[in-house]
Each structure stands twice: as C-alpha cells, then as structure tokens.
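Position 227 of the sequence shown, counting from 1, maps to 261 under my numbering, and the rest follow consecutively.
All residues carry an ideal CB built from backbone N, CA and C; glycine is no exception.
The structure appears right after this line, and notes come after that.
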Amino acid sequence: MISARGLAAHEAGADLVPWDLERREVGPGDVQIAISHSGVCHSDIHLVRGDWGEQEFPVVPGHEIVGEVVAVGSDVTDFSVGERAGVGVYVDSCRECANCLAGQSNYCLEGMTGTYANPDRRHGGYTQGGYATTIVVDHGYVVHVPESLDPAGAAPLLCAGITLYAPLRRFEAGPGKRVGIVGLGGLGHMGVKFAVAMGADVTVISHSPEKKADAEKLGAQHFLLSTDSEAMDAERYGFDLIINTVSVPLDTNVYLELLGFHGVFVNVGLPGEPFSFDAPRILNQGRSIVGSMIGPVSQLQEMLDFSAEHGIHSEVEVIPAEYINDAYQRVIDSDVRYRFVIDGSTI
Ligand code: NAP
Ligand code: ZN
Ligand code: ZN
C-alpha cells in the first residue's frame, strides 16, 4: 500500500480534519499522481453535510484533481512519469454496458464509480478523493492537463468545467444562440467562459446584484437579476438555452418562462430536495427540461484542449489545507470568486 495524507470528514456535517489513508499499489493499468491542486466543488459540501442522505464515513472529498504523474503501471503507454495529469468526478465504471462501450461511461448503466465515497467495485472498500497528497487511478479515467494551463486554474475544469461544457456542446451553443447561465458560482462562471468562447450570446441570471461587473469581465453580454421581476418579465421568450447551476431549489416556472420556441432548460444543480413546475410552462413553446451529469473522459480531454486553445481557466482562490472549513462556509454563503482550490503541498 501507498501512504497518503488527506482531509477527511468523519461524520455527516463534521469539519474536515487531517487523516492518514492508504492508496492501492500501482497496478499494471494504473497511474499514480502526486496531487498539486484540488478544487472545492459544492458537491463535496452537499455530500459531507449529508444533503444527499446517508453514506459511509470517513470521506476524503475532492474530484477536481491536478498533479504530476509519479508512477505508471507496466501496461500504461499513454502517460509517463513527470507529466501533468488530471482526474475528475469518476475513477471507474463497469466497462461492459452499452453506455461504457459507446464511450459514455459517465452514464454507466451499472453506475460510475465516483472519485470519493463510492464502493470501489474492483479493489474493495470505498473510494477516497482528491483533498490528499496522492491518488492511484486506472489510466482510462485520467486525462492530460495541458502545460500551458495554470494548474490551479485548471483543477476546477475537471468537474465545474466539464459539467457546463457538455450541455453547451450537446445543445450547440454558438453564434445566434441566446444562452442563460443561472447562478454565477464555480460551475456558472465556467459556463459563461465556454459559451462566450463558442460564440453564443450570453446572459448571467443571478440573485447577486454585486456580480454584474464580474459577469461582464467574464465576457457575458448581459446580466439579469433574478430578484427583479420586471426585468425577468421583460425577458420572456428571450432564451434558447438556460443552464441552471444553482445549489438550492428554485422556482423553476420563472426560468421556464424565459425560454422561447423549443427552448431547453438544462438542470445541473443538485439540491437535495425535488423541484416542481407547472405543466403549461413546458407545453407552451414546446420547451424541454433535461439533466446533464459531468461528461465522459474523452470529452473531459476535449474540454481541456479547448480550454488551452482559448486560454480558459477557472477564477480561483488558492487556499492552504487548514482553511478548508472556512472555505466551505464561504461557498455556502455564495462568497467565493469563483472556486477555492487547495494547494496540495499544504496537506
Ligand atoms: P457554487 O459555487 O456554490 O454556485 C452556486 C450558485 O448558486 C451561487 O454562486 C449562487 O449564484 C447561486 N445560489 C446559491 N445560493 C442561492 C440562493 N439561496 N438563492 C439563489 N441562488 C443561489 O456551487 P457549484 O460548485 O457551482 O455547484 C452548483 C450545483 O451543481 C451544486 O448543487 C452541485 O452539487 C451541482 N453539481 C452538479 C454537477 C453535475 O454533473 N450535474 C457537477 C458538479 C456540481 P448567484 O449568486 O449568481 O445567484
Ligand atoms: Zn463537482
Ligand atoms: Zn458501464
């Protein structure tokens, strides 16, 4: 076994504290990464705070991982020691179902193996994530992180980035498309950057008036304050695509009404409670509500290469390990611009 140090929660709602853990030995198909940066996703917080129900503890969260390859298994030819690599939200899947065989392993019919807090189907025990010094992952779930990207700014691309990139591609954000991003947080700000780079007309829809200037700096052409009902009414039928990244339940009807003909509302936010809508809101204009969950490994690589090409990275505040519990509270308070990233050398 390989010794590692991490930050773990030992029960739901508990603070994260330093914890020694073990990683498996590097197998023939594995890559070992020394973690330099680990992003803090709101999903980490939902899970350790118990928002999503019961689960195993202790948990080392973290699924926005960037670092240096320090060992590769004997069968690995696509990664070499010394290069920069990344790991996102999942580290394994069944590899046999129709979706895995079609290259959509994030939608594995047996369930993907999440980077943390999931039963490890091949090695036993539970997976432990990226708030740690090192991790061992099968090479099929590792990506190359271009050297031209700042490693701290690249880390959040591994979850926040792909979660917005995938639906923007699926629904063809580009010139002539009016795209609304609801919630300017870790996910939302990446959505703005990608949609702008793809050539769409982009509006940030936010409940925080003070984020207007940032929305413009990030490249959005418009800002819509969701608490201003007059402004919201004026945008009725104003969008082709709306992506909701908000971490609490919203009045979905209000956002559906912003969609024009065949408009699509993509939900990526994951509050613990269900949300509801009135049927006429989707009958009118033939609107759709769809979900989207991260993206497959191949698209993760495509998104990183697109980011390198367009100079896209996350706006980050790099923090030492001991600040993690304060950082969690600030994320809950929407007081982060726009992603905390743990400096791995401080763990
Ligand atoms: P985040 O950084 O906390 O951003 C969430 C944003 O929601 C905030 O910046 C804020 O934007 C808005 N918001 C927060 N509290 C609100 C309130 N009380 N009323 C209205 N708006 C509020 O979180 P994140 O890391 O981007 O994650 C967002 C959600 O996506 C989480 O639920 C997370 O679990 C989920 N997620 C899903 C996937 C997926 O694959 N589908 C992947 C990763 C994360 P404004 O201030 O601009 O309004
Ligand atoms: Zn995440
Ligand atoms: Zn599968």
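Any heavy atom of ligand 3 closer than 7 angstroms to the beta-carbon of residue i?
i	result
Arg129	yes
Asn133	yes
Ser332	no
Leu183	no
Leu143	yes
Starting from the C-beta of residue i, find all residues in its chain whose C-beta is less than 7 angstroms away, skip the five residues before and the five after it, and write them out in chain order.
i	result
Met232	Leu202, Ala207, Gly208
Gly87	none
Pro305	Ser281, Val282, Pro283
Leu259	Ser240, Pro243, Ala265
Leu252	His223, Val226, Lys227
Asp339	Pro180
Excluding the five sequence neighbours on either side, which residues of its own chain have a C-beta within less than 6 angstroms of the C-beta of residue i, listed in chain order?
i	result
Leu334	Gly122, Val177, Ile196
Arg373	Gly73, Pro190, Gly220, Ser348, Val350
Val300	Pro201, Ile277, Val324, Ser326
Phe257	Val238, Lys246, Ala249
Phe309	Pro283, Thr286
Ala38	Leu55, Arg57, Ala166, Thr167, Thr168
Gly225	Leu198, Ile215, Ile277
Ala43	Leu50, Val82, Val93
Ser127	Cys134, Ser139, Cys142, Met146
Gly107	Val60, Gly61, Pro62, Gly63, Asp64
Glu45	Phe91
Asp78	Pro95
Asp109	Pro62, Gly63
Gly101	Ile67, Ala68, Ile69, Ser70
So, for residue i: in the same chain, excluding its five sequence neighbours on each side, which residues have a beta-carbon less than 8 angstroms away from its beta-carbon?
i	result
Val302	Thr197, Leu198, Pro201, Leu221, Ile277, Asn278, Thr279, Gly325, Ser326, Met327
Ser242	Leu218, Ser368
Phe273	Arg212, Val213, Gly214, Thr237, Leu292, Leu293, Gly294, Gly297
Met35	Glu56, Arg57, Arg58, Glu59
I'd like to confirm something about residue i: is its beta-carbon nearer than 7 angstroms to some heavy atom of ligand 1, or not?
i	result
Lys245	yes
Leu394	Because the chain here runs from 35 to 381, residue 394 falls outside it and cannot be looked at.
Leu221	yes
Pro305	yes
Ile328	yes
Val280	yes
Ser139	no
Thr149	no
Ser108	no
Ser242	yes
Gly120	no
His80	yes
Thr286	no
Thr197	yes
Ser263	no
Ser348	no
Which residue marks the beginning of the alpha helix (DSSP H) containing residue i, and which one marks its end?
i	result
Val331	331-344
Asp78	76-82
Val230	220-231
Thr286	286-290
Tyr362	358-366
Arg315	313-317
Ser263	263-268
Glu250	246-251
Which two residues bound the contiguous beta strand (DSSP E) that contains residue i?
i	result
Leu41	36-42
Glu351	350-353
Glu102	99-106
Leu259	256-259
Leu9	With the chain covering 35 to 381 only, the question about residue 9 has no answer from this structure.
Asp274	273-278
Asp235	235-240
Ala68	64-73
Ile384	An answer regarding residue 384 cannot be provided, because it is not within the stretch 35 to 381 covered by the chain.
Contiguous alpha helix (DSSP H) assignments of at least 4 residues, all confined to the region 157-215: 185-188, 194-204
Taking a cut-off of 6 angstroms, which residues have a beta-carbon closer than that to any heavy atom of ligand 2, in chain order? Cys75, Ser77, His97, Val123, Cys193
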